[in-house]
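Under my numbering, the residue at position 370 of the sequence shown is numbered 373, and the numbers go up by one with no gaps.
Ideal placement from N, C-alpha and C gives every residue a C-beta, glycine not left out.
Below is one structure, written out as structure tokens; the observations come after it.
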Amino acid sequence: MLDPLRHLPPLLSFAIAAFFLALPPSLGFSLDAPAPSRTQQQPSPVKGDTFVVLGGTGRIGTAVASHLLLRAPESRIVLVGRDDDRGARAVEEVLAENPGGGAVGDDDRVSFQRADWRKDDELRSAVAGCTCLIHTAGPFLEEQPTPLRAAIDAGCRAYVDVSDPLDFLELSLDMDDDAAGSGLTAVLAAGAFPGMSNVMAMEAASLCRRIGAEDAGIRDTRFNYFTAGLGGSGDVNLYITNLGFGEPMVQYEKGKRRFFRALSGLLLGKVSFYLSEKEWSHKPDDGGFGNDEARARVGEQTVFAWPFPEAATVPAELGARGESSAAMGTAPDVWNDMLGILVALVPRNLWRSKRFSQFLADFSRPLVKATDFLLKVASPDDVGETHAMRVDVTSTDGHAVSVLQGHESFRRCVGQSCAEFALDSLQHPVPGVQLTEQRYRDDGARERIIGRLTSTPGTFAYTGPVTVDSAPPPSDMEKALIKANEAEIRQ
């Protein structure tokens, strides 16, 4: 068996050399276009509510807290983590981004509580008396949804998380009756992707159905994502990505859910994260913005398969009859090539090993941080964490609809989205446990949340649903599926 600690460093050393030789001056995409200004839509404040953020000292946790304080300045936020020093720095960071409550030492809007959420007594102590529990303490793979159970038992009004493993989601959904009985509104997988992307798919499907034949249904759903570097999301994102390469892709094939065990991590080719005029079957209306900005900032990018749950849950909600896929890419493009090489060489069982995935994350961290720094230097807005999503939906009678969204920071987009889902859950409660595509299936609720999600600071593009001539999968998707099927036959 391959010993990762012995054989992997030479391979990565070669990949690192290739990275710096291939790195173009522009870092892979243009960043010339200025970000448009948008009037921010402020929801009514949530007065006197207490938000407890598990993983509150992490990069996503602080982004959630900062946006909560911006949108609901009269609320109280408790950041939960295991390290006092990190907790103090996290509190200072959130308050510095949202001044106005006095000196940091005297500002009680944000506080830190030391607790390990995996220890039942400490979790229940942290949750006691809170209005809304927000769970950002990933990775969620092979974990149990004990925070949701604690929120139900504590009588919280809302629970939101940024989970993504399908097993975790299914265990959480099993608590629907208990949550409804306690009056808890729980929204799962409520970040950017999954989360906002699922809502975008429901919006695209709604337009497909309006313009199609009365008996037409949904055929295909495609989710494609882009994040420059780590997108500011922190080191844990490296670990989570590595673990995902060991998990099977769960997506739809001919209207049925299927596990593709050899597909995760395979390169799928190119995706355009903007809409060209040749794609439009009619020009978008004035409701969208930023398509040209997305063309300039992101353009066309290579993506690889990754086991996002929305490739299974959204088609199930829509009753889709065709195919689905989910993929992501990063910049510079050589990162995608390096990952493709590693996925081809390293056995799947090693990617599933937490020790191996953590080792690889630790080994590659300096290079990734250097890349993020270079991306930031090249960025006109000093962010360099560009994020984009493209969601495509087709109907059984041939209509196709695409939706694009872009943000200057993946980390902030996830945090802002999670915070907006939490605030919306408190202001518009629907007791029970739901995924975002379930909670926002209704047109009115979906319009409300899209208005909130696309008016967040840093959002530079949201086209809204646009009718296009076609919505093909990534350019090499068919080749990747053939390769994955052949590999599974050999196994």
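Inspect the beta-carbon positions of residue i and residue j and report whether they are closer than 8 angstroms.
i	j	result
Leu348	Ala483	no
Ala249	Asn352	The question names Ala, yet the displayed sequence has Gly at residue 249. Closer than 8 angstroms, so yes.
Ala1	Val55	The question about residue 1 has no answer, for the chain in this structure spans 4 to 494.
Ala204	Val394	yes
Leu278	Ser405	yes
His70	Ala422	yes
Thr305	Leu345	no
Val52	Ala66	The sequence given here places Asp at residue 52; Val does not occur at that position. No. Outside cutoff.
Val165	Val436	no
Gln441	Glu320	yes
Ser128	Ala118	yes
Ala231	Thr389	yes
Arg355	Ala315	no
Gly198	Ser420	yes
Leu82	Phe115	yes
Pro318	Thr462	no
Arg455	Asp427	yes
Glu303	Val274	yes
Arg298	Arg62	no
Val130	Ala68	no
Could you round the C-beta distance between residue i and residue j to whole angstroms and report it? I think they count as a contact, below 8 angstroms.
i	j	result
His402	Thr470	7 angstroms
Thr439	Gly220	At roughly 21 angstroms, the Cβ-Cβ gap does not stay under 8 angstroms, so Thr439 and Gly220 are not in contact.
Arg324	Gly258	4 angstroms
Asn294	Ala464	6 angstroms
Phe226	Phe263	Phe226 to Phe263, Cβ: 15 angstroms. No contact.
Pro150	Leu126	7 angstroms
Arg251	Pro168	Looking at the sequence shown, residue 251 is not Arg but Pro. With 8 angstroms as the limit, Pro251 and Pro168 do not qualify as a contact, their Cβ atoms being about 11 angstroms apart.
Out of the options, state which residue places its alpha-carbon closest to the alpha-carbon of residue i.
i	options	result
Glu146	Glu173, Glu296 and Phe115	Glu173
Gly272	Gly291, Phe229, Gly258 and Leu278	Phe229
Gly268	Lys259, Lys257, Tyr255 and Asn245	Asn245
Ala99	Arg89, Lys122 and Leu72	Leu72
Glu96	Thr149, Ala330, Ser185 and Thr60	Thr60
Gly132	Ile80, Ser367, Asp87 and Ala140	Ile80
Phe307	Phe171, Asp88, Gly186 and Ala487	Ala487
Gly409	Ser166, Ser200, Val67 and Gly84	Ser200
Ala183	Ala490, Val433, Gln419 and Ala334	Val433
Gly291	Val396, Leu407, Thr188 and Gln361	Leu407
Tyr443	Ala118, Phe143, Phe171 and Glu206	Glu206
Phe143	Asp124, Leu191, Ser128 and Ala157	Leu191
Tyr255	Ala208, Gly84, Glu326 and Val301	Glu326
Pro468	Leu210, Arg85, Ala448 and Asp446	Leu210
Pro477	Arg89, Asn101, Glu217 and Ala330	Ala330
Asp86	Thr459, Gly103 and Trp120	Trp120
Ala216	Ile452, Asp181 and Thr397	Thr397
Quick one: what's residue i bridged to in DSSP?
i	result
Ala254	The question names Ala, but residue 254 is Gln in the sequence shown. Beta-bridge pairing links Gln254 to Arg261.
Met392	Tyr228 and Gln408
Gly194	Gly198
Tyr162	Leu136 and Ala189
Ile221	Ser398
Tyr465	Phe292 and Gln408
Thr470	Val404
Gly184	Paired residues: none, contrary to the question.
Lys273	Thr305
Gln419	Answer is none; Gln419 lacks a bridge partner.
Ala514	Residue coverage of the chain in this structure runs from 4 to 494, which leaves residue 514 outside it and unanswerable.
Val436	Ala189
Original post:
Taking the runs of the alpha helix (DSSP H) that are 4 residues or longer, which of them lie wholly in the segment 53-131?
Top reply: Listed in chain order, the complete alpha helix (DSSP H) runs (minimum 4 residues) inside the segment 53-131 are 62-74, 87-100 and 123-130.
Query raised in the report: Whole beta strand (DSSP E) runs in the segment 302-326 with 3 or more residues, listed along the chain?
Result: Within the segment 302-326, complete beta strand (DSSP E) segments of at least 3 residues are found at 303-308, given in chain order.
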